[in-house]
Structure formats: C-alpha cells, structure tokens
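Participant:
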Amino acid sequence: MTMRTRLSLIIIACLFACAGIVSATPEEDKKAFQKFYMQKFPGIALEDFANGVYSIDQDAREQWEAMNDFPPYEDDLEIGEELFNTPFSNGKNYASCFENGGINIRQNYPRFDTERNTVITLELAINECRTSNGEDPLPYKKGDLARISAYMASTSEGSLINIIIPNKGDGLTAYQAGKQYYYSKRGQLNFSCSNCHIQNVGRKARSETLSPSLGHPTHFPVYRMKWASLGTMHRRFDICNKQVGAQPLAAQSDAYKNLEYFLTYMSNGLPVNGPASRK
Amino acid sequence: MDISRRKFLNLLTIGSTACFALMTPLTAWAAWASDAFNATKPEDAYKNLFGSTELIESDQVKLKVPKIAENGGAVPVSVKTSMKNVDSINIFVKDNPQPLTASFKIPSGTIPDISTRIRLAQTSTVTAVIKADGKLFSKSQEVKVTIGGCGG
Amino acid sequence: MKVKAKFKNDITSVRVLAKHPMETGRRVNKETGEKIPAKYIQELTCEYDGKVVFVAQFGTSVSQNPYLAFAFEGGKKGESIQLRWNDNTGDIEKTDATIK
Numbered sequence: 003m004t005m006r007t008r009l010s011l012i013i014i015a016c017l018f019a020c021a022g023i024v025s026a027t028p029e030e031d032k033k034a035f036q037k038f039y040m041q042k043f044p045g046i047a048l049e050d051f052a053n054g055v056y057s058i059d060q061d062a063r064e065q066w067e068a069m070n071d072f073p074p075y076e077d078d079l080e081i082g083e084e085l086f087n088t089p090f091s092n093g094k095n096y097a098s099c100f101e102n103g104g105i106n107i108r109q110n111y112p113r114f115d116t117e118r119n120t121v122i123t124l125e126l127a128i129n130e131c132r133t134s135n136g137e138d139p140l141p142y143k144k145g146d147l148a149r150i151s152a153y154m155a156s157t158s159e160g161s162l163i164n165i166i167i168p169n170k171g172d173g174l175t176a177y178q179a180g181k182q183y184y185y186s187k188r189g190q191l192n193f194s195c196s197n198c199h200i201q202n203v204g205r206k207a208r209s210e211t212l213s214p215s216l217g218h219p220t221h222f223p224v225y226r227m228k229w230a231s232l233g234t235m236h237r238r239f240d241i242c243n244k245q246v247g248a249q250p251l252a253a254q255s256d257a258y259k260n261l262e263y264f265l266t267y268m269s270n271g272l273p274v275n276g277p278a279s280r281k
Numbered sequence: 047m048d049i050s051r052r053k054f055l056n057l058l059t060i061g062s063t064a065c066f067a068l069m070t071p072l073t074a075w076a077a078w079a080s081d082a083f084n085a086t087k088p089e090d091a092y093k094n095l096f097g098s099t100e101l102i103e104s105d106q107v108k109l110k111v112p113k114i115a116e117n118g119g120a121v122p123v124s125v126k127t128s129m130k131n132v133d134s135i136n137i138f139v140k141d142n143p144q145p146l147t148a149s150f151k152i153p154s155g156t157i158p159d160i161s162t163r164i165r166l167a168q169t170s171t172v173t174a175v176i177k178a179d180g181k182l183f184s185k186s187q188e189v190k191v192t193i194g195g196c197g198g
Numbered sequence: 129m130k131v132k133a134k135f136k137n138d139i140t141s142v143r144v145l146a147k148h149p150m151e152t153g154r155r156v157n158k159e160t161g162e163k164i165p166a167k168y169i170q171e172l173t174c175e176y177d178g179k180v181v182f183v184a185q186f187g188t189s190v191s192q193n194p195y196l197a198f199a200f201e202g203g204k205k206g207e208s209i210q211l212r213w214n215d216n217t218g219d220i221e222k223t224d225a226t227i228k
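Protein chains in written order, with the working numbering: chain R, 3 to 281; chain X, 47 to 198; chain H, 129 to 228.
(1) Pull the bridge partners of Tyr-225 of chain R from the DSSP assignment, please.
(2) Shorter than 8 Å from the beta carbon of Lys-228 of chain H to some beta carbon of chain R?
(3) Give me whichever residues DSSP pairs with Glu-84 of chain R in a beta bridge.
(4) Using a beta-carbon distance below 8 Å, is Thr-173 of chain X in contact with chain R?
(5) Applying the 10 Å Cβ sphere with the 16-neighbour rule, what's the burial state of Ser-57 of chain R?
(6) If you draw a straight line from the alpha carbon of Thr-236 of chain R to that of Ala-85 of chain X, how long is it in whole angstroms?
(7) Cβ closer than 7 Å: which chain X residues qualify as neighbours of Ala-62 of chain R?
(8) Nearest to Ser-161 of chain R by CA position, among R:Thr-88, R:Gln-41, R:Gly-247, R:Asn-106, is which residue?
(9) At 9 Å on the CB atoms, spell out the chain H contacts of Asp-71 of chain R, in chain order.
(10) Can you tell me whether DSSP reads Thr-223 of chain H as helix, strand or coil?
(11) With a threshold of 16 other CB atoms inside 10 Å of the CB of Pro-44 of chain R, please say whether the residue is buried or exposed.
(12) Which same chain residues end up closer than 6 Å to Lys-190 of chain X when comparing Cβ atoms and leaving out the 5 residues on each side of it in sequence?
(13) Between the C-alpha atoms of Tyr-184 of chain R and Val-181 of chain H, what's the straight-line distance to the nearest angstrom?
(14) Give the residues of chain R in contact with Ala-120 of chain X, contact being defined as C-beta atoms less than 8 Å apart.
(15) Give me, in chain order, the residues of the same chain whose beta-carbon lies closer than 6 Å to that of Ile-227 of chain H; leave out the 5 immediate sequence neighbours on both sides.
(16) In angstroms with no decimal places, state the Cα-to-Cα distance between Lys-33 of chain R and His-221 of chain R.
(17) In the DSSP assignment, the beta strand (DSSP E) including Ala-199 of chain H goes from what residue to what residue?
(18) What does a CB cutoff of less than 6 Å around Gly-247 of chain R pick up in its chain, not counting 5 residues either side in sequence?
(19) Distance, Cα to Cα, Asp-71 of chain H vs Met-69 of chain R?
(20) Is the Cβ-Cβ distance between Leu-182 of chain X and Phe-96 of chain X less than 8 Å?
(21) Does the separation of the CB atoms of Pro-219 of chain R and Thr-175 of chain R fall below 8 Å?
(22) By DSSP, does Tyr-258 of chain R sit in helix, in strand, or in coil?
(23) Does Gly-203 of chain H have its Cβ less than 8 Å from a Cβ in chain X?
(24) Buried or exposed, going by whether 16 or more other CB atoms sit within 10 Å of the CB of Pro-158 of chain X?
(25) Output the residue ranges of the beta strand (DSSP E) runs that lie fully inside the stretch 170-252 of chain R and measure 3 residues or longer, sorted by chain position.
(26) Relative to the C-alpha of Val-203 of chain R, which residue among R:Gln-65, R:Tyr-39, R:Leu-9, R:Pro-28 is closest?
(27) Helix, strand or coil for Lys-110 of chain X? Go by DSSP, reduced to three states.
(28) Looking only at DSSP bridge pairs, what is Asn-214 of chain H linked to?
(29) Three-state secondary structure (DSSP) at Phe-28 of chain R?
(30) Taking 8 Å as the threshold (C-beta atoms), are Pro-28 of chain R and Ile-167 of chain R in contact?
(31) Quick check on the burial criterion: 16 or more other C-beta atoms within 10 angstroms. Buried or exposed for Asn-129 of chain R?
(32) Does any residue of chain R bring its CB to less than 8 Å from the CB of Lys-113 of chain X?
(33) Could one say the Cβ of Thr-169 of chain X lies closer than 8 Å to chain R's Cβ atoms, at least one of them?
(34) Once you ignore the five residues that flank Ala-197 of chain H on each side, which residues in its own chain have a CB closer than 8 Å to its CB?
(35) Just to confirm, are Ile-164 of chain X and Val-121 of chain X a CB contact at a threshold of 8 Å?
(36) Report the option in R:Tyr-142, R:Gly-217, R:Gln-245, R:Asp-172 whose CA atom is closest to the CA atom of Phe-193 of chain R.
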C-alpha cells in the first residue's frame, strides 16, 4: 500500500470513526469515498466504476463484453416489462404507485420516507404497490420482483444516481446506521465490507478480484452468471454475509435498507446501468 | 385460396428443389466428424479430422482467448487469419474429455474470422488449427480455469 | 435462435445465439444417480441466396446456448439468411433472419 493510499485511508477512517463527534456530512463522506477510488485507480473515469470489477480488470472485461453480445438478462427484462404493464386484479397497475408512472425513477431510490420515518427501497415500493392493490407480495431476492425492478432500472439507463437525505426525520440516522454497518466487522472471518471493498480493492481474495464499492449500486438487479438468474442487492448482501461466516439478515430488514441507502448515496453522480451481468 | 396455375407450378418447383436440397448432403463436408469428435486425445482428433498430425505453429493464426476464464462453462474464443484459401478453422481443448471442440467450414466468400463460446473442464491449452492450402497452421494458448474464491 | 445480421462495407456479419442445453452426457442426475443422456447440437449451417455460407460442427465442449459470430462477403439489406441446426437426437431448428 502506498503512502498516499495509507494517508487517504487514515483520513477516511478518521472521518468515519469520528462521525458522531466531528460532524462529517454525508456529502463530505461521499467526496472522500469517491476520491479514494479515483486516486487508487487513476485513469478510470468516475462513471466507469458503474461497471464494477470490469473497470479494473481488462481480461475479465473482454470476456464480459463478449458475453454481452447477447445479454443473458434479455429474456428476464422482457418478462419484467410485461409484468410491469400487466394490471392488477383491481384494474390498477404499477405505474399508478410511482412518480412519473415508474419510468426513469430508479436513480432516486432508496429514498427516505419522512412520514413513515424509514428507508424505502425500490423493491420494497414495488411490493407495497402490490399489497396496497390486493395482490400477494413477491419474494425479494429473485424471480418476478427482480424482473420488475430490472425493467424499471432499465428505464433509468444513464440517469445519474441522486439519493437525498431529507432535513426532517431520521434520514441522517438511517444513513449513519448504514455507514456503521459497512465499516463494522462481522462473522467468523471478522471482516467488514470495507476490508474487502476498500482496503483490499483490486487485490485478489483467492481467485476473485475484489471490486470497488463505488459503483456497486448502479447495476442492480444483477444477472450473475453463477446464479444464472437475476438477483437484487439484498440477495447479494446475504452472500457477502455468508462468505464472511456472518448470519445473513432478512431482505428489506432495516439493516439492509440502511446499508443500501448509505451505499447508494456514496455512488451519487454515477449513471444507472442496471440490469447488468456479472460473473 | 385463389392461386394462378403458374404460381402453383413455381411453388411446386421451388418446394421440390428445397426438399431435394435437404435430402442431399449440403456440402462436401456434410458428415459430422464423429471419429474426430469422439477422440479422447488431441493427436487422435487431429488424425481423424485432418488425416495428419503435422501442425505448423504460425503467428498468422490469431487466437483470442482469456488468460483466466471468468466462467469455465462459457469461455469466449475468437480465431481469425488473413491467410487465403482457408478451408476450415478448428478448435481443440487439450484436456477436455473430447478435445475437438468445434470445426468451422469456410466456403469461398466467407471470412475466416469466427467467434464462439466453449467449455473448459479445467485449466488447459486451447489450440486453434486452420487448414489452408492443404496445410495445418496452429496457435495455442493456456487458459486458467478456477472454481472461484470469495467472490463466488 | 436469436440472430443478428448486419450488412456493411460489402460484408454481412452474423451473430447467433442458439437455445440448447448442450448436455455432454457426463452429468449425473443427483436424484436418480443416472447419467443425463447427451444431447447437443452437432451441426449448424447458414445459407444465403441458396448457397451455404457457413457450417459449424460441434462436440460436447461447446457452451450451453451456443454462440456464433461469423461473416461472409455479399448479402443485401432486407434479404434473408436461413439458419438451421440439428442435434444428435434428431431435433432440428430452422430460423430465417433479415439482414439489416
């Protein structure tokens, strides 16, 4: 690790460690976060981090580009669009639950609902739309919900992520909780998210190159070749937890929602490019 | 359906030509090279496919294949050349149960530049063999296949 | 089969994604303990204007849902190419695609 990287890490660590005492604002956090990666990987444009590990591994990138000649999620996307446009039994549809009819809104999620005082992710909003219209909720991690979310994400392609922390309510608290989760060690391996995705980013964990957290939220739901299917962000959080020997949490639990809120804020300014395929 | 006699006769002619075409071998290469595909060793595959094991290593065979496969079940591979009179482009994976992976016939007028995705059972050497002007030109590259670590 | 055919600079470039399990015959059904029988595309051909422009012969080492990219001289926007594959069990699929 270079002196400069070490210095950046110390600065970030201090900023985050002292969050309660020294008031580093989310905006300052984000700037430091993005600056760390831009310095660590010079020559990579900010928006290219949306391509995850493929922005930093050329050999893998060429294989990924070859696979995307016929994107593996194409069929799922078509189904997602059809599902999105199919009305519920009561005649209403998904468009009626969302601003702008649900089109080109992914970049605003997760958002903090000041009335209910909780983080609302896109997947949660989709299911709430279903239940408020008399339909059964769908499982959160894969399947039709992921397809609908993928379709909605695709309508936002290129739009810049724009997560807002409102002045009223506990938005800031939710953000801080997400940030804390990200930097806390857990599991048998006693790893935090930051251990892999900040401190060891670009290095290998066994045979896998560790990807930057910057840009992670842009391409969800993700089609993982390993899953041979689409999965939501909370599906991935579960696997991360299992990999460090930690207990996975329920999808759409407060901890995961807050983590998603924090992570997506850190990627403010990057373009939405979901769904995308990954290894 | 109202159809003129001439049209009907035309259709009949086209139809029967098509049927006849389907019944006869499509080209001189029609038969699926079962002996070559079933060979378990590269040398036997070469012998069964080409009648020879004399491969000339050549930089004119442009083989593109990754160094580390993202997914052993779908490894993108491209082979191309600027040589003339290419008869076929063939791909072998040394340590696969069936080393002969694919054989592409290049009729005249077709560009000798193909891409496909192949399976590698394990880390192995991928060899592209181009048959041109009666000779066999080859290029090989090792591809590492992993099962995946923490990102898996 | 999904097919994309494009004509540019006197050359028609074709990309194909065939839907096929390409079963190698070596996988074992976990429940019955028996080998899943081999089922794989053996030959895929492309014709244009009555002429065979490409023949691909496959073994079991080709990926599931085989992908192919190739190109031939000639072709014309609006005209069609005919693709056909047959597998070792006698199944056949034919698709026509328009050159764009």
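Even glycine gets a Cβ: it sits at the ideal position worked out from N, Cα and C. Computed from a prediction, not measured in an experiment: that's the story for all the values here.
Facilitator: Looking at the atomic coordinates:
(1) Reading the first sequence from its first residue, position 223 is the one you call residue 225 of chain R. R:Leu-232, R:Ser-279.
(2) Indexing the third sequence from 1 puts residue 228 of chain H at position 100. Chain R, which has no Cβ nearer than 8 Å to the Cβ of Lys-228 of chain H, makes this no.
(3) Residue mapping note: residue 84 of chain R aligns to position 82 of the first sequence, counting from 1. Its beta-bridge partners do not exist; DSSP assigns none.
(4) Residue mapping note: residue 173 of chain X aligns to position 127 of the second sequence, counting from 1. For Thr-173 of chain X, the nearest beta carbon of chain R is not closer than 8 Å to its own beta carbon.
(5) Position 55 of the first sequence, counted from the start, is the residue given in the question as residue 57 of chain R. Classification of Ser-57 of chain R: buried, given that the 10 Å Cβ count is 16 or more.
(6) Stepping through the first sequence from its first residue, residue 236 of chain R is reached at position 234. Stepping through the second sequence from its first residue, residue 85 of chain X is reached at position 39. One detail in the question is off: residue 236 of chain R reads as His in this sequence, not Thr. So the alpha carbons of these two residues sit roughly 47 Å apart.
(7) For this step, residue 62 of chain R is matched to residue 60 along the first sequence. Simply Glu-116.
(8) Translated into the one-based positions of the first sequence, residue 161 of chain R becomes position 159. Taking only the C-alpha atoms, the option nearest Ser-161 of chain R is R:Asn-106.
(9) Mapped onto the first sequence, residue 71 of chain R falls at position 69. Annotation: Cβ neighbours of Asp-71 of chain R in chain H (cutoff 9 Å, chain order): Lys-132, Arg-143, Leu-145, Tyr-195, Ala-197.
(10) As a first step, residue 223 of chain H must be located in the third sequence, where it is residue number 95. It is a strand residue.
(11) In the first sequence, the residue the question calls residue 44 of chain R occupies position 42. Its Cβ having fewer than 16 others within 10 Å, Pro-44 of chain R is exposed.
(12) In the second sequence, residue 190 of chain X corresponds to position 144, counting from 1. Sequence-distant Cβ neighbours of Lys-190 of chain X in its own chain, meaning closer than 6 Å and more than five residues away, are Ile-114, Thr-169.
(13) Against the first sequence, residue 184 of chain R aligns to sequence position 182. Against the third sequence, residue 181 of chain H aligns to sequence position 53. If you take the alpha carbons of Tyr-184 of chain R and Val-181 of chain H, they lie about 56 Å apart.
(14) Here residue 120 of chain X refers to the residue found at position 74 when the second sequence is read from its first residue. By Cβ distance, chain R contributes Met-69, Met-227.
(15) Residue 227 of chain H sits at position 99 when you count from the first residue of the third sequence. Excluding sequence neighbours, Ile-227 of chain H sits near Ala-133, Phe-135, Thr-140, Gly-203, Lys-205, Glu-207.
(16) Your numbering for residue 33 of chain R matches position 31 in the first sequence. Your numbering for residue 221 of chain R matches position 219 in the first sequence. Distance between the alpha carbons of Lys-33 of chain R and His-221 of chain R is about 21 Å.
(17) Position 71 of the third sequence, counted from the first residue, corresponds to residue 199 of chain H. Following the DSSP letters along the chain, one finds Ala-199 of chain H inside the beta strand (DSSP E) bounded by residues 195-201.
(18) In the first sequence, counting from the first residue as 1, residue 247 of chain R sits at position 245. Gly-189, Gln-190, Leu-191, listed in sequence order.
(19) What the structure shows of chain H is the stretch from 129 to 228, and residue 71 of chain H is not part of that stretch, so it cannot be assessed.
(20) On the second sequence, position 136 is the one that residue 182 of chain X refers to. On the second sequence, position 50 is the one that residue 96 of chain X refers to. A contact, by the Cβ cut-off of 8 Å.
(21) For the purposes of this step, residue 219 of chain R is identified with residue 217 of the first sequence, where counting begins at 1. For the purposes of this step, residue 175 of chain R is identified with residue 173 of the first sequence, where counting begins at 1. Contact: no.
(22) Here residue 258 of chain R refers to the residue found at position 256 when the first sequence is read from its first residue. Tyr-258 of chain R falls in the helix class under three-state DSSP.
(23) Numbered from 1 along the third sequence, position 75 holds the residue referred to as residue 203 of chain H. No, Gly-203 of chain H lies away from the interface with chain X (no Cβ there is under 8 Å from its Cβ).
(24) Along the second sequence, one-based indexing puts residue 158 of chain X at 112. Buried, because 16 or more other Cβ atoms sit within 10 Å of the Cβ of Pro-158 of chain X.
(25) Unbroken beta strand (DSSP E) stretches of 3 residues or longer found wholly inside the stretch 170-252 of chain R: 224-226, 231-233, given in chain order.
(26) Along the first sequence, one-based indexing puts residue 203 of chain R at 201. Nearest C-alpha to Val-203 of chain R: R:Tyr-39.
(27) Numbered from its first residue, the second sequence carries residue 110 of chain X at position 64. The three-state secondary structure of Lys-110 of chain X, taken from DSSP, is strand.
(28) In the third sequence, residue 214 of chain H corresponds to position 86, counting from 1. Answer by DSSP bridge pairing, in chain order: H:Glu-171, H:Ile-220.
(29) Here residue 28 of chain R refers to the residue found at position 26 when the first sequence is read from its first residue. One detail in the question is off: residue 28 of chain R reads as Pro in this sequence, not Phe. The answer is helix: DSSP assigns Pro-28 of chain R an H, G or I state.
(30) Reading the first sequence from its first residue, position 165 is the one you call residue 167 of chain R. Reading the first sequence from its first residue, position 26 is the one you call residue 28 of chain R. In this structure, Pro-28 of chain R lies closer than 8 Å to Ile-167 of chain R by Cβ.
(31) Taking the first residue of the first sequence as position 1, residue 129 of chain R is located at position 127. Around the beta carbon of Asn-129 of chain R, a 10 Å sphere encloses 16 or more other beta carbons of the protein chains shown; the residue is thus reported as buried.
(32) Here residue 113 of chain X refers to the residue found at position 67 of the second sequence. Taking Cβ atoms only, chain R reaches closer than 8 Å to Lys-113 of chain X, which makes this a yes.
(33) Counted from its first residue, the second sequence places residue 169 of chain X at position 123. Thr-169 of chain X does not count as touching chain R.
(34) By 1-based counting over the third sequence, the position of residue 197 of chain H is 69. The answer, listed in chain order, is Ser-141, Val-142, Arg-143, Val-144.
(35) Reading the second sequence from its first residue, position 118 is the one you call residue 164 of chain X. Reading the second sequence from its first residue, position 75 is the one you call residue 121 of chain X. For Ile-164 of chain X and Val-121 of chain X, yes; Cβs fall inside 8 Å.
(36) By 1-based counting over the first sequence, the position of residue 193 of chain R is 191. Of the candidates R:Tyr-142, R:Gly-217, R:Gln-245, R:Asp-172, R:Gln-245 places its Cα closest to the Cα of Phe-193 of chain R.
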